[in-house]
Amino acid sequence: MRVISGRLGGRQLLAPKGWKVRPTSERVREAIFSALGDVEGMKVLDLYCGTGALGIESISRGAASAVLVDRDTRPAMGNVHNLGLTGEIELIRAESTDWITLAPAGAFDLVFLDPPYRTATQVAELLDPQLGRLLTPGGRVVAESDNRGPLEFPSLDMVRERRYGRTVVTFHRAPSPSQEKTPAE
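If you read the sequence shown in the working numbering, its first letter stands for residue 3, the second for the next number, and so on.
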């Protein structure tokens, strides 16, 4: 496994054997970043970061900063240190569904989600009310899941869905203020 493009393109990413991580494949990462386009200057959040591949790829392609959250950050920490990214990436060891409630509002332009497939439905229900709050105007969420249980976020606008074998990647955008529902009077 390696960084695909940008200033770190070709550098190795480690995925320790025996650890409960399921890194996003190079093929899927390439497709995600091709669909996203330019990430220059963005503030990125990678929930359920595992090895940190998506956050690291973002930094390699010009993102300003990345926050990587997982209940076990050791796989990501090894990659962040080996690639010399400690000044650009913040690692947070926490359960993503707990941490997101404490995260600052409007702090991220791009959020990656790749939770364990077996808990995807429950995770989506817990994260959905918080995701829009975290995003800057026009911010995006990219969610990876298994085709048997795709992540759904009713509070966001889904703009694209792609399938890569058994993997489903959905692209969401925060609704614009004019689209947000106002309470009935």
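A virtual CB, placed ideally from N, CA and C, is assigned to each residue, including glycine.
In this structure, residue 117 places its C-beta atom within 7 angstroms of the C-beta atom of residue 50.
Its Cα nearest to that of residue 150, the residue 122 stands out among 159, 130, 77, 122. Taken in chain order, the whole alpha helix (DSSP H) runs of length 4 or more contained in the stretch 85-136 are 98-101, 122-136. With 16 or more other CB atoms across the displayed protein chains lying within 10 angstroms of its CB, residue 25 is buried. The criterion of a C-beta distance shorter than 7 angstroms is not satisfied by residue 70 and residue 86.
According to the DSSP assignment, residue 32 belongs to the alpha helix (DSSP H) that extends over 28-38.
One Cα belongs to residue 169, the other to residue 37, and the distance between them is close to 16 angstroms. Around the beta carbon of residue 52, 16 or more other beta carbons lie within 10 angstroms, which makes this residue buried. Residues of the same chain with a CB within less than 8 angstroms of the CB of residue 134, apart from the 5 flanking positions on each side, are 157, 158, 176, 177 in chain order. Residue 42 is not a Cβ neighbour of residue 67, given a cutoff of 7 angstroms. Within the same chain, Cβ atoms closer than 6 angstroms to the Cβ of residue 138 are found at 108, 111, the five residues on either side in sequence being excluded. Residue range 55-62 is occupied by the alpha helix (DSSP H) that includes residue 59, with no beta strand (DSSP E) assigned at that position. For the pair residue 103 and residue 132, the Cα-to-Cα distance works out to about 7 angstroms. Judged by DSSP in its simplified three-state form, residue 164 adopts strand. Secondary structure note for residue 173: its beta strand (DSSP E) is the uninterrupted segment 169-175.
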